[in-house]
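**Student:** Before I ask anything, let me first share the structure, which is written out below as structure tokens.
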Amino acid sequence: MEKQEWIKRFEAEKAQKERLQDDISSVTDSLTVATEQVRQLLIENEALKKQVEQVYGDPFKTSVVGPASSSLSAIKSQLRSSQVQARTLKATLEQFLRLGDGSEDQYIPQDTPKVDPSPPRHENSLDNLEQVPEKVSSEREDTEPAENDLDILLRDLVLEKELLQAEYSKMPVTGANTLTRRRREELESRLDEVDSHMSKIKLRMRNRNSAQRENLLG
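For the sequence shown, the UniProt record's numbering assigns the number 1 to the initial residue and increments by one for each residue that follows.
As structure tokens, then:
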């Protein structure tokens, strides 16, 4: 009887290890794609910045309007979203590796953006990956964002929430070890923070829209 119990336990642990390896492989692939997207966006951002400088001078010291301004804003928005995704994926991968007692160097691509293993924090979404022409404040969540940044900030938070929820949904409800329980608590805490920030931003956007309507009617 004892032998059968050991066999069952061995098979269960073996199956869990295989699922973990599949998760690691999937997250690694996603992280590689996200990291490449960040690199490509940085290249596009630098190229467009040089083109704009040739016509307008320094686009971040003077006001740029028209298609150039729209293109810069679009690239920077994509860049922020890709960096949030890369950071969250890397945090997930590091958690899987801790659970599986694996070697991080075996899976994480070279030159991957450095991410602290704690839950991703939106205010450090750039994390010094590379120098980006328009600096994003490290206190983005601690200070009031500019009105024209609200839409971008809300999109970034929505993306981060989706990624956090995706990781949270994979967490076992029962039979979890200490590391898994701790990570689950971290995810719950971060999700609460993201929801709080989203509520504040939505309120400011409603107030902004109301003010704009009053100005039009006035």
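By construction, the Cβ of each residue, glycine as well, lies at the ideal position given by its N, Cα and C atoms.
State the DSSP-derived secondary structure class of T174, mapped to helix, strand or coil.
**Tutor:** coil
**Student:** Tell me whether the segment 146-164 and the segment 185-202 touch, counting them as touching only if at least three CB pairs, one residue from each stretch, are closer than 8 angstroms.
**Tutor:** yes
**Student:** Beta carbon of L164, beta carbon of L191: below 8 angstroms?
**Tutor:** yes
**Student:** Whole angstroms are fine: how far does the CA of R80 sit from the CA of L159?
**Tutor:** 10 angstroms
**Student:** Near E188, which residues of its chain fall below 7 angstroms by C-beta distance, leaving aside the five closest residues on each side in sequence?
**Tutor:** Scanning its chain for C-beta atoms nearer than 7 angstroms, with the 5 sequence neighbours on each side dropped, one finds no residue around E188.
**Student:** Among K170, D149, R182, which has the Cα closest to the Cα of Q20?
**Tutor:** Going by the sequence as given, residue 20 is Leu instead of Gln. For L20, the nearest C-alpha among the options comes from K170.
**Student:** For my contact list, T35 and A91 are in at a C-beta cut-off of 8 angstroms; report their separation, rounded to the angstrom.
**Tutor:** That pair is no contact at about 14 angstroms.
**Student:** Assuming D149 is part of the alpha helix (DSSP H), what are its boundary residues?
**Tutor:** From DSSP, D149 is part of no alpha helix (DSSP H); its letter is neither H nor E.
**Student:** Compute the Euclidean distance between the alpha carbons of Q37 and T28, then round it to the nearest angstrom.
**Tutor:** 14 angstroms
**Student:** Out of curiosity, what's the CA-to-CA distance linking F10 and T32?
**Tutor:** Just so you know, the alpha carbons of F10 and T32 end up roughly 33 angstroms apart.
**Student:** Looking at P172: is its Cβ nearer than 8 angstroms to the Cβ of T178?
**Tutor:** no
**Student:** Does the beta-carbon of residue 223 have 16 or more other beta-carbons within 10 angstroms, so that it is buried, or is it exposed?
**Tutor:** What the structure shows of the chain is the stretch from 1 to 218, and residue 223 is not part of that stretch, so it cannot be assessed.
**Student:** What residues in its chain sit with their C-beta under 7 angstroms from that of D111, if we drop five residues either side in the sequence?
**Tutor:** Because D111 sits at a pLDDT of 46, beneath the cut-off of 50, its placement in the model cannot be relied upon, and the point is left open.
**Student:** Tell me the rounded alpha-carbon separation between E44 and R208.
**Tutor:** 32 angstroms
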